[in-house]
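Adding 878 to a residue's 1-based position in the sequence shown gives its number in this note's numbering. To start, the structure itself, in structure tokens.
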Amino acid sequence: MKAASKVRPALSGLELEVMNLMWDLGEATSAELVDAFTRRRPLAATTIRTVLAKIEEKGYVERVPTTERALRYRASIPREAVSTQTLRQLVGRLFGGSPKAAIAQLLADEELDADELAEIQRMVSKRRKELGR
């Protein structure tokens, strides 16, 4: 996969669904992608192929060299890099760029249970140690 440092245009919800499927599949032809996607939820094949073309244009997928007649595609950026970029964009739009405000909102969510809060605390402690604080 290519380096993930380049900031790419944001993904729409449907583009992100197609990317998640592409990461799950590893690589696929457009027909394989359509087949796998429509098993999850109904959507026109032309729509899925249009989304594939858009995410290729944005640099999220690339064509795989092959001797087959059908074009094969794979993700050109790791899922984690897209997750980080998407989260930063969301924090920027909803919380004025403040990770603290985003975390405060998550902590205020009544659906977090004690185990999840304890795990979050462990992650914060680990990060503090990494930063030497």
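The C-beta atom is built at its ideal place from N, Cα and C for all residues, glycine as well. No experiment lies behind these values; they were computed from the predicted model shown.
Look at the Cβ atom of residue i, then the Cβ atom of residue j, and state whether they are nearer than 9 Å.
i    : j    : result
Y938 : M897 : yes
R886 : I998 : no
L968 : A980 : yes
I926 : S908 : yes
L921 : E910 : no
Q983 : F973 : yes
P952 : A906 : Here residue 952 turns out to be Arg, not Pro, going by the sequence shown. Going by C-beta atoms, R952 is nearer than 9 Å to A906.
In the DSSP assignment, the beta strand (DSSP E) including residue i goes from what residue to what residue?
i    : result
V942 : V939 to V942
Alpha carbon to alpha carbon, how far is residue j from residue i? Give it in angstroms, no decimals.
i     : j     : result
A882  : L965  : Because A882 carries a pLDDT of 48, less than 50, the predicted location of this residue cannot be relied on, and no value is offered for it.
E935  : A992  : 43 Å
L985  : G1010 : 24 Å
V929  : K1007 : 42 Å
P943  : R950  : 7 Å
L990  : G975  : 23 Å
T924  : M900  : 17 Å
R941  : A948  : 11 Å
R1005 : K884  : 25 Å
M879  : E994  : Confidence at M879 is low in this model, with a pLDDT of 49, below 50, so its placement is unreliable and no value can be given for it.
R971  : E946  : 43 Å
E988  : A914  : 35 Å
Where does residue i fall in DSSP's three states?
i    : result
T964 : helix
A923 : helix
R952 : strand
P977 : helix
E988 : coil
A888 : coil
Just to confirm the assignment, what range does the alpha helix (DSSP H) spanning residue i have?
i     : result
T945  : Where T945 is concerned, there is no enclosing alpha helix (DSSP H), given that its DSSP letter is neither H nor E.
E905  : Where E905 is concerned, there is no enclosing alpha helix (DSSP H), although the beta strand (DSSP E) it sits in stretches over E905 to T907.
L1009 : A992 to L1009
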